[in-house]
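Since the structure comes first, as structure tokens, the remarks are kept for the end.
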Ligand code: PLP
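Residue numbers (the UniProt record's numbering): 12 to 490.
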């Protein structure tokens, strides 16, 4: 690594990225290429001699950019956003630039210690009970993973091992995991990964009447039915901000059920967790004090470039019991004395990125005040969009909005009208235009279009223009 080359070439790359952001609004939001397009454009073997960064950037401009769906476009309203920011980008540069691998404390003490500090900062911003924080000294604390999926796998492994230590290793076929039919599929995947029989995963049905939230009674009944069959309830996952419609499970009531049956209680707040820093949204987290663990993704709605997932636990020792290994090659005085955190024992992999640097830069560069403002402005835009939908008689908001996700659809025009087909055609017409990108969900049998606001560049004018686009495509479709 030559520092002068690094300085010169990174300037060229940063300028390239800045230009990308300058022009991003002009690019078709959803990529319009056909499968296999890239193989036709790139050589089929690696270059033997080095190539210049200018040549590489030219190929990115010509061949790669057309094949990108522009997640940072102001007109990206699909899935949940992965919002980038200047601070997130700079933090990511520092993380990659320093490129330390803090798997245990001694391998880079500042990486571990900064992570502990940042996790406590975040926990305090979200007003988590102090039992989840390092500073409280009761054994709780947090860790940064790359994704919610990893966080769920690790907590499930900890819960499984705790349970098996009581009922014996053969009991794994008896363990049961509970979630709702709206819980992210990551929990079902994680459940399989830790060896829970697929038939022991309960996706408890939700209904429109509860706003697609889990009801404590349904969970209680499911657990009692399993206990009656000789099975052992293991793990309950509740969600704040479900993927399809942004529903919120009643944390306090579910926590009481979970605690009564002695199951590990996890809260997945991947998307909506960020809203918890604003007092007006904090009530959705009431009951978190009953949880064993909670996770949220700053890479979704907290201006933190990919990837970054916060996981807090009241008893990380359960995680460590399940995941720790002590190979001779990593032995050192601090670890042996058990006076430090070795984050390798809080995650799946050994190697780890210095994600705390990124989150630290984001929090410091924006400050809590601006981070709250960022959440509020997205929610204000979503409210405005919701009002626009309500003002057009042809449309309806399908599920009451809580955060910055609006689920809407064209209403059936007459008895027996296939509204799903109508809305599918509307969505495809909007996406094909290249001027916006939204995705869909089918919940309770109803096909709906999801309008998820959260890209950093999105302003009210984009929301208004996209609504006009939606209306004009609806004019074409409804003949
Ligand atoms: N949980 C919820 C509620 C989500 O919406 C998502 C992704 O959108 C996930 C989990 C998965 O997150 P990750 O990709 O970080 O595993």
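For glycine and all other residues, C-beta sits at the position ideal for the given N, C-alpha and C.
Your pair residue 278 and residue 305 checks out as a contact, with CB atoms roughly 4 Å apart and the cut at 8 Å. Short note on residue 296: C-beta not closer than 7 Å to any heavy atom of the ligand PLP. Comparing alpha-carbon positions, the option among 243, 322 and 16 lying closest to residue 171 turns out to be 243. Secondary structure in the stretch 274-342: the alpha helix (DSSP H) runs of 4 residues or longer, each lying completely within the stretch, are 290-293, 309-312 and 327-334 in chain order. Under the three-state reduction of DSSP output, residue 351 falls in the coil class, being neither helix nor strand. Taking C-alpha positions only, residue 314 is separated from residue 106 by approximately 16 Å. Between residue 374 and the set 19, 65, 17 and 126, the nearest pair of CA atoms involves 126. Looking at the DSSP output, residue 190 shares a beta bridge with 214.
The C-beta of residue 303 has 16 or more other C-beta atoms within 10 Å across all chains shown, which makes the residue buried.
Per the Cβ contact rule, the stretch 259-277 is in contact with the stretch 229-241 (3 or more Cβ pairs under 8 Å). Within a 10 Å sphere around the beta-carbon of residue 52 sit fewer than 16 other beta-carbons, which makes this residue exposed. Setting aside the 5 residues that flank it on each side, residue 75 has no residue in the same chain whose C-beta is closer than 6 Å to its C-beta. The alpha-carbon separation between residue 419 and residue 409 amounts to approximately 5 Å.
If you draw a straight line from the Cα of residue 82 to the Cα of residue 180, it is about 45 Å long.
The C-alpha of residue 47 is placed about 30 Å away from the C-alpha of residue 477. Taking the CA atoms as reference points, residue 178 sits about 28 Å from residue 299.
Sequence-distant partners of residue 98 (beyond 5 residues in either direction) whose C-beta falls short of 7 Å from its own C-beta, in its chain, are 314, 372, 373, 376 and 377.
Proximity to residue 276 across 370, 189, 241 and 347 peaks at 189, based on C-alpha coordinates.
For residue 355 against residue 114, the beta-carbon gap comes to about 4 Å, under 8 Å, which counts as contact. Taking a cut-off of 8 Å on C-beta distances, the stretch 342-351 does not touch the stretch 144-158, as fewer than three cross pairs fall below it. At a cut-off of 7 Å, the beta-carbon of residue 160 counts as near the ligand PLP: some heavy atom of the ligand is closer than that. Look at residue 195 here: in three-state DSSP terms it is coil, with no helix or strand label. Rounded to the nearest angstrom, the Cβ distance from residue 442 to residue 460 is 10 Å, too far for a contact under 8 Å. In this structure, the CA atom of residue 444 is about 27 Å from the CA atom of residue 257. For residue 460, DSSP records a beta bridge to 419 and 451.
Boundaries around residue 248 are those of the beta strand (DSSP E), 243-250, since no alpha helix (DSSP H) includes it. As computed with DSSP, residue 87 is found in a beta bridge with 448.
Contact between the stretch 211-219 and the stretch 193-202 is present: three or more C-beta pairs spanning the two stretches fall below 8 Å.
By the neighbour-count criterion, in which 16 or more other beta carbons inside 10 Å mark a residue as buried, residue 453 falls on the exposed side. Inclusion of residue 325 and residue 151 in the CB contact set at 8 Å is warranted, their separation being smaller than that value. Relative to the Cα of residue 264, the nearest Cα in the group 228, 241 and 239 belongs to 228.
Distances taken from the Cβ of residue 59 to the heavy atoms of the ligand PLP include none shorter than 7 Å.
In this structure, 23 is the residue among 383, 38, 23 and 139 with its C-alpha nearest to the C-alpha of residue 66. With contact defined as three or more Cβ pairs closer than 8 Å, the stretch 317-337 and the stretch 376-396 are not in contact. Burial is judged here by how many other beta carbons sit within 10 angstroms of a residue's own beta carbon; residue 284 has at least 16 and is buried. Taken in chain order, the whole alpha helix (DSSP H) runs of length 4 or more contained in the stretch 39-96 are 64-70.
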